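K.L.:
To start, I am sharing the structure in question, which I have written as structure tokens.
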Amino acid sequence: MRWFAAAFLLVVSMVWPVPSSVGAEPAVGANWQSELDRVVLASGVPGAQLVVSGDSGEMRLNSGVGDVGTGAPFPDDARVRIASNTKSFVAAVALQLVGERRVELDSPIEAYLPGVVTGPGGDGRRITVRNLLQHTSGIPDYLTEVDLDSVAGMQRYRPASELIETALDRPAEFEPGARWGYSNTNYLIIGSMIEQLTGLPVGVEVTRRIILPLGLQETYWPLYPLEQVVRGPHPRNYLVVGAERVDITDIDPNWGLADGAIVASGRDLNRFFMALITGRVVAPAQLEQMRTTIPSGVPLLDQEIGLGLFRRVNRCGIETWGHGGSIAGSSVVGAATERHAVTIAMNQLPSLISSLAPHGGVQDVIDMVLCDLAR
């Protein structure tokens, strides 16, 4: 622990905050740094990177270390596995197809994937595209049925079709439309629908429809199942297994497909969410659908659920949009308004936690930044 504390203090002293670039005073940026440091120490993760983007510029703050072996900080413009933030990209492609009149939100998924969604876990004749995008399908989450407790288990490649079948073999969680219940399986099915309608892999569609048009040069969809090494500058990623911290940076998260595949920098993720909510990714009618929310029904989740988006009113009354995500070794949480966006990436999880449960205190840092910028 002594070596970590020394490395932590060294890295904090090397950080280059430029708060004026996003319209904040230097003292305010120092407060952000202090709060980020507190969260990193309290959570026990090796390190984090906070990226703030706005209409007047960008800034970046590091805390802790990006590599526990060398003590190096997160690299500039670090690429990280953004996990379930991928769902917002995939939902946007689905809504583009709605705008092209190739998909209807309230049509059953059976119309687009005949015979695929069938079994105890769900009936595709009764589950709509909207149900899948908004997590009201009742289909079980495949993550509860696969081996994610070991690196070997994580490395075994499973195609989306296998994971969908695995989930559908379990009893449905609830009737379609009865309530909200987060399930990664929903987005594997949406990804399969996109592939069926376009004739191209979902990653290709996300790339050509979103990543390239927005100029997201630090974002890509990995070439599964072969690509294990993150391209470009990136931190090491860690998972705590028992009492051991395991480096799982070079891993094929093959269970993260249309539900969690993308690698991106915090800067690019901010740019994407700001572009999405300001109408530069999907047409106005489809954006309105994405932003039409329902309550989660979960007492501890202070968010409303749209189509591939989560809406939250923060502590100073600002409406924010985003998603968030966690995958083995990486947690990426953020929020965006029409003028500013914040992303915090951390390089360790104590275990594979829900993408809806970011490390304690992270949301407080995001709130602090957005509230300060709104003054």
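Heads up: the sequence shown runs through residues -24 to -1, 1 to 351, numbered per mature numbering (1 follows the signal peptide of the UniProt record, and there is no 0).
A virtual CB, placed ideally from N, CA and C, is assigned to each residue, including glycine.
Please read these numbers as outputs of a predicted model, since none were measured by experiment.
1) Please report how far the alpha carbon of VAL222 lies from the alpha carbon of TYR214, in whole angstroms.
2) Would you list the residues sitting across from HIS111 in a DSSP beta bridge?
3) According to DSSP, simplified to helix, strand and coil, what is THR104?
4) Which term fits PHE65, buried or exposed, when burial requires 16 or more other beta carbons within 10 angstroms of its beta carbon?
5) Could you tell me which residues DSSP puts in a beta bridge with TRP297?
6) Whole-angstrom Cβ separation of VAL21 and MET322, contact assumed at under 8 angstroms?
7) Note down, in chain order, each residue of its chain lying with its Cβ closer than 7 angstroms to the Cβ of TRP197, except the 5 sequence neighbours on either side.
8) I'd like to know whether the C-beta atoms of ALA311 and ARG288 end up nearer to each other than 8 angstroms.
9) If I follow the unbroken beta strand (DSSP E) through TYR214, where does it start and stop?
10) Which residues does DSSP pair with VAL318 in a beta bridge?
11) Assuming LEU108 and ASN162 form a contact by the criterion Cβ under 8 angstroms, report the distance between their Cβ atoms to the nearest whole angstrom.
12) Ends of the alpha helix (DSSP H) at GLY179?
13) Count the other CB atoms within 10 Å of the CB of ALA154; is the residue buried (16 or more) or exposed (fewer)?
14) Quick check on this structure: which residue in VAL15, LEU17, LEU26, VAL16 has the alpha carbon closest to the alpha carbon of GLY5?
15) Smallest Cα separation from LEU17: which of ARG212, PRO152, GLY40?
16) Report the option in ILE58, GLY42, ARG267, ILE115 whose CA atom is closest to the CA atom of LEU233.
17) Whose C-alpha, out of ASP348, LEU245, GLY305, is nearest the C-alpha of ASN61?
18) Could you say which of GLU151, ARG243, ALA67, ARG185 lies nearest to LEU263 if we only look at CA atoms?
19) Which same chain residues, not among the five before or five after THR174, have their C-beta less than 6 angstroms away from its C-beta?
P.N.:
So, from the listed chains and residues:
1) 5 angstroms
2) Paired residues: none, contrary to the question.
3) strand
4) buried
5) ARG287, ALA312
6) 5 angstroms
7) GLY179, VAL182, THR183, ALA237, ILE238
8) yes
9) 214 to 217
10) VAL28, ALA311
11) 4 angstroms
12) 178 to 182
13) exposed
14) LEU26
15) GLY40
16) ILE58
17) LEU245
18) ALA67
19) GLU181
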